[in-house]
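When we follow my numbering, the leftmost residue of the sequence shown carries the number 1207, and every step to the right adds one. Here's the structure we're looking at; comments come further down.
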Amino acid sequence: MSQVTVRHATPEDAAVLTRIYSQPETQAGTLHLPYQSPSLWQERLANPRPHITMLVACIDGQVVGQLTLEVMAVARRRHCATIGMSVDPAFHRRGVGKALMAAMVDLCDNWLQVTRIELTVFADNHQAIGLYQQFGFEIEGTARGFAVRDGQMIDTHYMGRLKEIAR
1207 MSQVTVRHAT PEDAAVLTRI YSQPETQAGT LHLPYQSPSL WQERLANPRP
1257 HITMLVACID GQVVGQLTLE VMAVARRRHC ATIGMSVDPA FHRRGVGKAL
1307 MAAMVDLCDN WLQVTRIELT VFADNHQAIG LYQQFGFEIE GTARGFAVRD
1357 GQMIDTHYMG RLKEIAR
């Protein structure tokens, strides 16, 4: 099995990220809408907002997953970050999500002074929930009817990870 590598996303990744996020299976697991314009990812990658880090996972040089990390800019929440992630369905269960999560946790724990990481995940996405739990995330609450997917209101879980702070 080929090794997964993680690197910073670049504008050259826009086309492949548009393809990944345009797949029905990806849309079912994220809040992304169908028929995204390729210019959406080009703009995000060329002009990232402050406090945003975008990572991609590659296998044999091919981008197969993406994670966005946003550190909160508000003074009283600068210790917090939110994440969003997706993996190309053709590369599920090959360690892509795990590699992205490991890189993100390393950034937060060792470089960015982030002690709380938050995310929202569809309540029926058991595979993703299990992955997040491997990295210390816990379900902190459930939002009923949070988003529409295929015409149905879907619940989500709020998950959080607190870095143990020596006191």
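We put the beta carbon where it would ideally sit given N, CA and C, even for glycine.
Query raised in the report: Between Ile1345, Asn1253, Glu1370, Asp1356, which lies nearest to Thr1362 when the distance is taken from Cα to Cα?
Result: It is Ile1345.
**Report entry** Endpoints, the alpha helix (DSSP H) within which Arg1225 is located
**Finding:** Counting along the chain, the unbroken alpha helix (DSSP H) around Arg1225 starts and ends at 1220-1227.
Query - Spatially closest choice to Ala1296 from His1238, Gln1229, Ala1220, by CA coordinates - result: Proximity to Ala1296 across His1238, Gln1229, Ala1220 peaks at Gln1229, based on C-alpha coordinates.
Requested in this report: Could you name the residues of the same chain whose beta carbon sits closer than 7 Å to that of Lys1369, not counting the 5 residues immediately before and after it, in chain order?
Outcome: Asp1315, Thr1321, listed in sequence order.
**Report entry** Contained beta strand (DSSP E) runs [length at least 3] in the stretch 1236-1276, N- to C-terminal order
**Finding:** Listed in chain order, the beta strand (DSSP E) elements of length 3 or more contained wholly in the stretch 1236-1276 are 1258-1265.
**Report entry** Whether Gln1272 touches Ser1292 by CB criterion (8 Å)
**Finding:** Cβ atoms of Gln1272 and Ser1292: closer than 8 Å.
Requested in this report: Could you tell me which residues DSSP pairs with Ala1349 in its beta bridges?
Outcome: Beta-bridge partners assigned by DSSP to Ala1349: Thr1362.
Query - From Asp1219, Val1269, Pro1254, residue whose alpha carbon lies closest to that of Ser1208 - result: Nearest C-alpha to Ser1208 among Asp1219, Val1269, Pro1254: Val1269.
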